[in-house]
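One structure is given below, encoded as C-alpha cells.
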Amino acid sequence: MNKHFSPTMNRRAFVIGTAAVGAGLAIGLDLPFGGPAVVRAADGSPEIGAWVVIRPDDTVVIRIARSEMGQGSLTGLAQLVAEELECDWTKVTTEYPTPGQSVARKRVWGDFSTGGSRGIRSSQDYVRKGGATARVMLIQAAADAWKVPASECTAANSVITHTLSGRTTTYGKVAEAAAKLTPPAEVKLKDPKDWKLIGKGVKRLDTVDKTTGAMIYGADIKLPGMLNAAIKDCPVFGGKLKSFDEAKIAGLKGVKKVVKVGDTAVAVVADTWWHAKTALEALPIVWDEGDNAKVSSASIAKWLAEGLDDAQPAYVGNKNGDAKAAIAGAAKKVEAVYSYPYQNHATMEPMNATALYTADKCEVWCGTQNGEAAFAAVLEASGLPAEKCDVHKVMPGGGFGRRGQTDYVRQAVMIAKQMPGTPIKLLWSREEDMAHGRYHPITQCKMTGAFDANNNLIALHYRLSGQSILFSLRPEALQNGMDPAAFQGVAQSGEAAFGYSVPNLLIEHAMRNPHVPPGFWRGVNVNHNAIYMECFMDELAQAAGQDPLEFRRKLMGNHPKHLAVLNAVAEKIGWDTPAPQGVYRGIAQVMGYGSYVAGAAEISVTDGSKIKVHRIVASTDPGYIVNPAQVERQIAGSFVYGLSALFYGGCTVKDGKIEQTNFDTYNSMRINEMPKVESVMVPSGGFWGGVGEPTIGVAAPAVLNAYFAATGKRIRSVPLRDQNITFA
Amino acid sequence: MANLTINGKTFTLDIEPETPLLWAIRENAGLTGTKYGCGIAQCGACTVHMDGVAMRSCGVTVSEAEGKKITTIEGLASGDSLHKVQEAWIAQDVPQCGYCQSGMIMAVAALLNEKPKPTDADIDEAITNICRCGTFAQVREAIHTIASA
Ligand code: FES
Ligand code: FES
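As C-alpha cells, this is what we get:
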C-alpha cells in the first residue's frame with residue numbers, strides 16, 4: 001500500500017468505489033427489545049443519529065447530503081458536524097447517502113441541493129445539531145456504563161472522560177450502546193467563541209485521489225457490460241429531431257444501436273465512446289428547427305433594447321421616492337446603457353450520466369449538484385416508482401450551477417430504457433456541452449443618475465431588460481409574474497440588498513425571454529447587476545468630479561457592512577497612496593448570497609487594448625467562516641471564472657444556435673493571465689452568508705473601472721474580446 | 001491492432017490506428033486518470049508524457065504513440081512513493097474539483113524535469129492548462145515549493 005494514502009482517504013475512496021458499482025451505503029435496521037431501532041451502515045457500524053456513524057476502531061463517518069464539486073463544502077460540512085461531535089478530526093471520513101435512501105427515511109438528511117452558495121449556510125444549523133446529538137448520546141452511553149450522571153462526563157477528541165474518577169473510554173467502544181438510546185429532544189449548540197475546528201483552515205478530505213488519477217468522476221464510471229453513448233440534441237433550442245439515416249453508419253466498428261432520445265435528440269450507442277462519437281458525426285440527421293432558427297444575437301439585442309424604453313411594462317424591484325420626477329427636474333443628468341451576454345458554464349468535465357434500467361429498477365451514477373432533482377428526473381424518465389430508483393453521486397468535474405439541472409440525467413435514462421439490462425454511459429462531447437448549456441441570462445440595462453446643483457446624487461433609475469431564470473426554470477417562484485432574483489445585488493432588502501442610499505430610486509426589470517435556455521451560472525444575476533451598478537457608480541463619481549471610493553462612501557452611511565468590506569479592500573490595495581507608475585485602480589462592492597463583498601484591481605494597459613492585471617484584492621464578510629483556506633480558494637476561483645467571462649466569454653446566437661463550439665472559441669484564463677488574489681476576510685459574525693459565488697460579482701467591475709482609470713474609456717459591454725481587448 | 005507502452009506495461013489493443021491516444025488510454029487500456037476536456041488540444045486535461053515530454057493525448061494518434069514510452073498520471077508515482085509534484089499538490093491542497101489536475105500535474109512534472117527551478121515566466125510559458133475552478137495561485141505556489149526544496 002502506498003504510504004501516502006492515509007487510511008482515511010482509502011476508506012473514502014472505498015465508499016465512493018463501492019457506490020460506483022452499486023453497493024451504496026446499505027442501511028439496515030436492528031430492532032432490539034425495548035429500545036429504538038439501531039440503524040446500521042453497510043459495514044454493520046451503528047448510526048448515532050442520521051449524520052454520524054461510529055466504527056469500532058473509532059473511525060467517524062460523517063454523512064454529507066450536499067454535493068462536493070470542488071468548492072470544499074464536503075470538508076466544511078464535516079467540520080461543522082465534528083465541531084459539535086467533539087471527535088478526533090484525523091479519524092473523520094465522509095460518505096454520501098443516496099437520495100433514494102433519504103426519501104425512504106422521510107428526507108432525514110434534508111435538502112440535497114447545492115447551489116446559490118447555500119451548501120453550508122442553509123444546513124449549518126441542523127448538521128451541527130446532528131453532531132451535538134451524537135455527542136450527547138455517546139456521553140450518555142459511557143455514563144450509563146459507569147453508572148454516573150452524564151453531567152460528570154466530558155468528551156474531547158473522541159475520548160469520553162468521567163471527570164471525577166478520571167476514567168476514560170472512546171467513541172468506538174460506546175457506539176453500540178449509544179445507538180440504542182433515544183436521541184435528546186433538544187441540544188444546545190456551542191457559542192461561536194468556543195469553536196475549535198470551525199474557522200480553521202484544515203486540509204480538504206478529498207485531495208489525494210485527485211492527484212493520483214484515482215478519483216472517479218462521472219465520465220470514469222465503469223460497470224460490467226457497459227456501453228457508451230454519444231448524443232446530439234437539436235442545435236436550435238426548441239427544435240425537434242425529424243429523421244436520421246441509420247443505414248449510413250450500420251457497418252461502423254463498435255456501433256450497437258442508434259436511438260431516438262425524446263423528440264429532440266439522437267444517440268449512438270457503441271462499445272467505446274470514441275466509436276459512438278465518430279459514428280454520430282457520420283450519421284445524417286435532419287432537424288425540424290422551427291421558428292427559433294430565425295433568432296440571432298442581433299434580433300435578441302434589438303428586442304432587449306426595446307425593453308429599455310419606459311413605455312414598455314416592467315416589474316419594480318426596488319423603489320424610493322420618485323426617481324422619474326427627480327431626474328426630470330435635476331440640475332445634471334448622466335445616462336448609460338450596458339449589456340451582458342450569454343455565458344456557458346463550461347465545466348471542465350462535460351455533462352454525463354450512467355444509467356442502468358431493468359424492468360424493476362433504475363439506477364444512475366452521475367455528478368450532480370442536486371441529488372434529489374436527479375432522482376426526480378430518474379423517476380420521471382424511467383416511469384418507475386421511488387423505491388425502485390436511485391442516484392449514486394460521484395465527484396463532478398465542476399458544477400458552477402450547470403449540474404443543478406438534470407437534462408443529461410434524463411437523457412441517459414431515456415437511452416438506457418431502450419436497452420434494458422445494459423448499463424449506458426452517456427457522455428456529451430465538449431461541442432454538445434457548448435451547444436446545450438443553461439446559459440447565464442442575457443440582459444441590457446439603462447441607467448440614469450441625477451444630481452442637484454451641489455453634485456449630490458438625488459436620483460437613480462436602473463432599468464434592466466432581459467431574461468429571467470426563474471421564468472424558465474422555476475415559474476412557481478415568480479411573484480405575480482415578477483422574478484425577484486432578477487434584482488440580486490440591487491434588491492430593497494434581504495440576502496442581496498442594495499448598498500447605497502439614494503433619495504429617489506427606481507430599479508425595474510422589463511422581462512424579455514428569448515428562446516435560449518437560461519440557467520444559474522456562478523454568481524447568477526449578481527454578475528450583470530454588479531457590473532451595471534458598480535461601473536455606473538464610477539460614471540456618476542466622474543460626473544460629480546469625485547473620487548470613486550469617496551463618492552460611494554457618501555452613499556453608504558446606512559450600510560455599514562457593505563462599507564466595511566469596501567474600506568477593507570481600499571486599505572489593502574492602498575487607495576490613499578498613488579499606484580505604481582503606469583498602474584491604475586478600480587474598485588467595486590456588492591452584496592449577494594447573504595455576504596458582503598468588495599474587490600479592487602490594479603492594471604496597466606498597453607496600446608489601449610492589452611491589459612495586464614497586476615493585483616487583485618477581494619474582501620468578504622460572510623458572517624462566519626468555516627474554513628478560511630477554502631474560502632480563499634473560492635474567492636480566487638470566482639475571480640478566474642468571472643474574469644474569464646469578462647475577457648473571453650460570451651455566447652452568441654446565429655440561426656437559433658449557439659455559435660461557440662469549444663475552448664478555441666470560448667476561451668478560459670490561463671495561469672499567466674491571473675495574479676494571486678489577496679483576500680481580506682472580515683467575518684463579523686451573527687449570520688451565515690455564502691462563499692462560492694458572491695465575490696465573482698466584483699471581479700469584472702473592478703477591472704472595468706480600472707480600465708477607465710487607465711484609458712478614460714468606458715466599456716459597457718462584455719466580453720472584451722469583442723472590442724479587441726485582451727490580456728497583455 | 002496496436003502495441004502501446006503505458007506506465008511500463010505493454011498493451012496490445014484492438015484499435016484503429018487513427019484513434020486519439022486519449023481514448024486508447026481511457027477506454028482501451030482502462031486508465032481513466034487522464035481526462036477529456038476538449039478533444040482539440042486546447043485545455044490540457046488529457047496531458048501525458050511521451051518519452052518524457054508533455055503531450056496533449058487527444059491530439060496524438062495511436063499510431064504516433066506506438067513505440068513511445070507513455071506515462072499517465074497513474075504511472076507518475078514510483079512504487080510506494082508519490083511523485084514530488086503529487087506530494088506538493090497534497091501539501092498545498094491544490095485541487096478544487098480536481099478534473100484538470102491530472103493534466104496539470106503531468107504538465108508540471110515535465111516542466112520540472114526540464115527546468116528544476118522554473119521562474120514565474122517559465123511557469124507562465126509552460127503551463128497553459130485550463131482550470132475552470134481557478135487553482136492557479138496554488139499551482140504556482142506548489143511549483144515554487146518544489147523548486148525551493
Ligand atoms: S482534452 Fe486534450 S487538450 Fe483538452
Ligand atoms: S480543479 Fe476543477 S478544473 Fe481545475
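Chain order of the listed sequences is A and B. Using our numbering, you'd call the opening residue of the first sequence number 1 and step up by one each time. Using our numbering, you'd call the opening residue of the second sequence number 1 and step up by one each time. Ideal Cβ positions, reconstructed from N, Cα and C, are used throughout, including at glycine.
| Query | Result |
| --- | --- |
| Consider the C-beta atom of residue 44 of chain B and the heavy atoms of ligand 2; say whether any pair is separated by less than 8 Å. | no |
| What is the chain-ordered set of residues for which the beta carbon lies under 6 Å from any non-hydrogen atom of ligand 2? | A/70, A/348, A/398, B/95, B/96, B/97, B/98, B/99, B/100, B/101, B/131, B/132, B/133 and B/135 |
| On a CA-only basis, which of A/388, A/393 and A/46 is nearest residue 58 of chain A? Give me that one, please. | A/46 |
| Where does residue 336 of chain A fall in DSSP's three states? | strand |
| Check residue 171 of chain A in the structure and name its three-state DSSP category. | helix |
| Just the C-alpha distance for residue 549 of chain A and residue 582 of chain A, rounded to the nearest angstrom, thanks. | 20 Å |
| So for residue 211 of chain A, helix, strand or coil by DSSP? | helix |
| Hey, does residue 130 of chain B have any beta-carbon neighbour from chain A nearer than 9 Å? | yes |
| Can you pull the DSSP bridge partners for residue 126 of chain A? | BP columns for residue 126 of chain A are empty, so no partner. |
| To the nearest angstrom, how far is it from the Cα of residue 660 of chain A to the Cα of residue 630 of chain A? | 32 Å |
| Quick check: is any heavy atom of ligand 1 less than 8 Å from the C-beta of residue 93 of chain A? | no |
| Taking the CB atoms as reference points, tell me whether residue 425 of chain A and residue 273 of chain A lie closer together than 9 Å. | yes |
| Could you give the residue range of the alpha helix (DSSP H) that holds residue 537 of chain A? | 525–543 |
| Could you check which residue in A/522, A/380 and A/512 has the C-alpha nearest to that of residue 698 of chain A? | A/522 |
| At what residue ranges does the segment 77–126 of chain B contain a whole run of the beta strand (DSSP E), taking only runs of 3 or more? | none |
| What are the boundary residues of the alpha helix (DSSP H) that residue 704 of chain A is part of? | 696–711 |
| Distance check for residue 41 of chain B and residue 145 of chain B, CA to CA, integer angstroms please. | 28 Å |
| Cβ atoms of residue 415 of chain A and residue 259 of chain A: under 9 Å apart, would you say? | yes |
| Measuring only from the beta carbon, is residue 54 of chain B closer than 8 Å to any heavy atom that is part of ligand 3? | In the structure on display, ligand 3 does not appear, and the ligands it does have are ligand 1 and ligand 2. |
| Please tell me whether, using a cut-off of 8 Å, the distance from the CB of residue 22 of chain B to the nearest non-hydrogen atom of ligand 1 is below it. | yes |
| Thinking just about the alpha-carbon of each residue, which of A/377, A/352, A/422 and A/444 is nearest to the one in residue 399 of chain A? | A/352 |
| Mapping DSSP to helix, strand and coil, what is residue 136 of chain B? | helix |
| Please list, in chain order, the chain A residues whose beta carbon lies closer than 7 Å to that of residue 136 of chain B. | 640, 671 and 674 |
| Three or more C-beta pairs under 8 Å: does that hold for the segment 339–353 of chain A against the segment 429–441 of chain A? | yes |
| Below 8 Å on the Cβ atoms is my contact criterion, and I expect residue 150 of chain A with residue 139 of chain A to pass it. Report the Cβ-Cβ distance as a whole number of Å. | 5 Å |
| Along the segment 271–287 of chain A, what residues have a CB closer than 7 Å to any CB found in chain B? | 272, 273 and 274 |
| Should residue 430 of chain A be flagged as near chain B, meaning a C-beta pair shorter than 9 Å? | yes |
| Please return the same chain residues whose Cβ sits closer than 6 Å to the Cβ of residue 427 of chain A, not counting the five positions on each side in sequence. | 219, 273 and 352 |
| Using Cβ-Cβ distances below 7 Å, what residues of the segment 88–117 of chain B are close to chain A? | 89, 90, 93, 95, 96, 97, 98, 99, 100, 101, 102 and 105 |
| For residue 479 of chain A, tell me which candidate among A/568, A/153, A/81 and A/511 has the shortest Cα-Cα distance. | A/511 |
| Against residue 204 of chain A, what residues of chain B qualify as contacts under a CB-to-CB distance less than 7 Å, listed in chain order? | 93 |
| Give me the chain A residues within the contact set of residue 124 of chain B, using Cβ-Cβ distance strictly less than 7 Å, ordered along the chain. | 671 and 672 |
| Determine whether the Cβ of residue 139 of chain B lies closer than 9 Å to any Cβ atom of chain A. | yes |
| Could you tell me whether the Cβ of residue 636 of chain A comes closer than 9 Å to any Cβ of chain B? | yes |
| Going by C-alpha to C-alpha distance, which of A/393, A/542, A/689 and A/558 sits closest to residue 596 of chain A? | A/689 |
| Quick check: what's the CA-CA separation for residue 722 of chain A versus residue 325 of chain A? | 37 Å |
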